[in-house]
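Colleague:
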Amino acid sequence: MKKALITGITGQDGSYLAELLLEKGYEVHGIIRRCSTFNTQRIDHLYTDPHINGTKLFLHYGDLADGVMLMKLLYQIQPDEIYHLGAQSHVRVSFDVPEYTGDVTGLGTLRLLEAIREVGLDGKCRFYQASSSEMFGMVQHVPQTEKTPFYPRSPYGCAKVYAYWLTVNYRESYGMHATNGILFNHESPRRGETFVTRKITRAATRIKLGLQDKLYLGNLDAQRDWGYAKEYVEAMWLMLQQDEGDDYVMATNETNSVKDFVIETFNLLDLDWEKYVDYDKRYERPTEVDLLIGDPAKAKKQLGWEPKVKFKDLVKIMVDSDLVLAKQELAYKQATNG
Ligand code: NDP
Ligand code: GDR
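Here the sequence shown is numbered in full-length UniProt numbering, starting from 1 and rising by one per residue.
In structure tokens:
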């Protein structure tokens, strides 16, 4: 039975990837952070009592800021594959906490790669780095490919560029099976509620049911290549099944603006978006990434991977799911008000 370690298992992608690997018969280990509140909602449905025979999901407390713990954990687990998804992943927040973002999102990758070497797993363990289209930043070329130069526009983007090159460097220096998946934005009903897509679908469905009056947003003109997270984690697995480590772009090759996402969402709910959406400068970034559109031709050719869920299907999946949540919230509110 193959063993996989996932950093960031409690996040959107980590939860879908854990599901996929368990389905494939892996023993899955995940690093979780100690919090004063529960932070495992996205994986609770996968968890079984570790005292029961046959459990295949194991969670370990840790943090990407703690290199000693990473080393101990790798020594103990001896994973065949590591999916490094853990990060301070919010671009705007990275302007508020640049040092922390550099430490966790950038140096965290270094700590993990060094731990792999230190424990002597560099010859056997495969490593996946969650690289990002944010590395392309300032538009230099469209569509963006594996060969497009990077020009990051945020502390997050800079940290991801550092982690990208570390991954390439460990592959070239030590012959490690190390891979960068350069993933463009991917969303789902499990997307964090402060990322723009989920913020929109959550707010619009609550507005529909009278639970909220307004939605405040920043820049509506930014264009993104939005795909469906569930399909993107399949690509992560495929990348680690190749004979050699490499770098791949994962994208839909379609781009839409934030405004397009708003309009599509409100249209599905039969609402006039202009009545409800207001501007708030707070959500602007000091430097913006204006236009992302990726070319996944290499992934299609080498991995046979192609996204099926496109923009309109994605918005519908998210609206349908958030409408259920809003209805539950309304029912609870009505029940508790008497
Ligand atoms: P999320 O923000 O949903 O999840 C991030 C995960 O990292 C969470 O499990 C979080 O734990 C964990 N984490 C944060 N800080 C630390 C830390 N100090 N130590 C250990 N774990 C930590 O991100 P996504 O699932 O959306 O993305 C997964 C990865 O892919 C990230 O690296 C992201 O930067 C990258 N990426 C994402 C894209 C997207 O569109 N979603 C596109 C391209 C790249 P907790 O739950 O406790 O906060
Ligand atoms: P992004 O995603 O920065 O692309 O990073 P996000 O959804 O945060 O922003 C997308 C675009 O929407 C604009 N925007 C707003 N964004 C947020 N969060 N909140 C708002 O109110 C708002 N109003 C407008 C932004 O300015 C931006 O242009 C995501 C993350 O998952 C990264 O970890 C990942 O690497 C990249 O996608 C690819």
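For each residue, glycine too, the CB sits at the ideal point set by N, CA and C.
Kindly indicate the opening and closing residues of the alpha helix (DSSP H) around threonine 336.
Modeller: Its alpha helix (DSSP H) spans residues 311-336.
Colleague: Look at the alpha carbon of threonine 255 and the alpha carbon of glycine 120, and state the distance between them as a whole number of angstroms.
Modeller: Cα to Cα, threonine 255 sits roughly 43 angstroms from glycine 120.
Colleague: Could you name the residues, in chain order, whose CB is less than 5 angstroms away from a heavy atom belonging to ligand 2?
Modeller: Cβ atoms closer than 5 angstroms to ligand 2 belong to Ser89, Val91, Ser132, Ser133, Glu134, Asn185, Phe195, Val196, Leu217, Gly218, Asn219, Ala222, Val258 and Tyr283.
Colleague: Quick test of the definition: if touching needs 3 or more C-beta pairs under 8 angstroms, does the segment 90-105 touch the segment 20-27?
Modeller: Because the criterion of three Cβ pairs below 8 angstroms is not met, the segment 90-105 and the segment 20-27 do not touch.
Colleague: Going by other Cβ atoms of all chains shown within 10 Å of its Cβ, with 16 needed for buried, is glycine 123 buried or exposed?
Modeller: So glycine 123 counts as exposed.
Colleague: Report back the beta-carbon spacing between proline 155 and serine 94 to the nearest angstrom; my notes put them in contact at under 8 angstroms.
Modeller: With a Cβ gap of about 4 angstroms, proline 155 and serine 94 count as contacting.
Colleague: CA-CA distance, asparagine 169 and threonine 179?
Modeller: Looking at the two C-alpha atoms, the distance is approximately 11 angstroms.
Colleague: With respect to 7 angstroms, is the separation between the Cβ of aspartate 13 and the closest non-hydrogen atom of ligand 1 below this value?
Modeller: Yes; taking the cut-off as 7 angstroms, the Cβ of aspartate 13 has a heavy atom of ligand 1 nearer than that.
Colleague: Among residues of its own chain, excluding the 5 on either side of arginine 42, which ones have a beta-carbon nearer than 8 angstroms to its beta-carbon?
Modeller: Cβ neighbours of arginine 42 beyond the five flanking positions: Thr10, Gly11, Gln12, Gly14, Ser15 and Arg190.
Colleague: Below 8 angstroms on the Cβ atoms is my contact criterion, and I expect leucine 217 with valine 277 to pass it. Report the Cβ-Cβ distance as a whole number of Å.
Modeller: Yes, leucine 217 and valine 277 are in contact; Cβ-Cβ is about 6 angstroms, under 8 angstroms.
Colleague: Classify serine 89 as buried or exposed, calling it buried when 16 or more other Cβ atoms lie within 10 Å of its own Cβ.
Modeller: So serine 89 ends up on the buried side.
Colleague: Taking 7 angstroms as the line, does the beta carbon of valine 315 fall inside it for any heavy atom of ligand 1?
Modeller: No, ligand 1 has no heavy atom inside 7 angstroms of this Cβ.
Colleague: Give the single residue among Tyr61, Met138 and Thr7 whose Cα lies nearest to the Cα of proline 79.
Modeller: Ranking the options by Cα distance to proline 79, first place goes to Thr7.
Colleague: Could you round the C-beta distance between glutamine 129 and threonine 109 to whole angstroms and report it? I think they count as a contact, below 8 angstroms.
Modeller: Right, their Cβ atoms sit about 6 angstroms apart.
Colleague: Contact check, glutamine 140 vs leucine 292 under 8 angstroms by CB: the rounded distance?
Modeller: About 12 angstroms separates the two Cβ atoms, so there is no contact after all.
Colleague: Helix, strand or coil for isoleucine 82? Go by DSSP, reduced to three states.
Modeller: Strand, per DSSP.
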